[in-house]
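Letter by letter, the sequence shown follows residues 31 to 96 of our numbering.
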Amino acid sequence: MATEDMAKITNELIAEKNATIDKIYNLKDNEQIKFMVLRYSEGMTWDEAMDKVVIRNRNEFFKLVR
């Protein structure tokens, strides 16, 4: 694999990691706690845990609106 390809792959992975970190920091404190619990005690991936936290919050919002 060429050095240029490795640099491109590395930059893409860093960008993806930074985007995930930004998503986590934009969560409220209680959402961050839920995220970490799902992530470490349930063994979920970053994306699975984020989807579950976001979906749960969306469902709670719709319950309040109804």
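We treat Cβ as the ideally placed atom computed from N, Cα and C, and that holds for glycine.
Alpha carbon to alpha carbon, how far is residue j from residue i? Give it in angstroms, no decimals.
{"i": "Arg-96", "j": "Ile-39", "result": "Because the pLDDT of Arg-96 is 46, which lies under 50, any placement of that residue in the model is unreliable, and the question is left without a value."}
{"i": "Glu-34", "j": "Asn-60", "result": "42 Å"}
{"i": "Ile-85", "j": "Lys-47", "result": "21 Å"}
{"i": "Asp-98", "j": "Leu-43", "result": "This structure cannot speak to residue 98, because the chain is shown only from 31 to 96."}
{"i": "Trp-76", "j": "Thr-50", "result": "8 Å"}
{"i": "Met-66", "j": "Ala-37", "result": "30 Å"}
Can you check whether the CB of residue j is closer than 7 Å to the CB of residue i?
{"i": "Lys-64", "j": "Val-83", "result": "yes"}
Go ahead and pull the three-state DSSP assignment for residue i.
{"i": "Lys-58", "result": "coil"}
{"i": "Met-66", "result": "helix"}
{"i": "Met-80", "result": "helix"}
{"i": "Glu-72", "result": "coil"}
{"i": "Ala-37", "result": "helix"}
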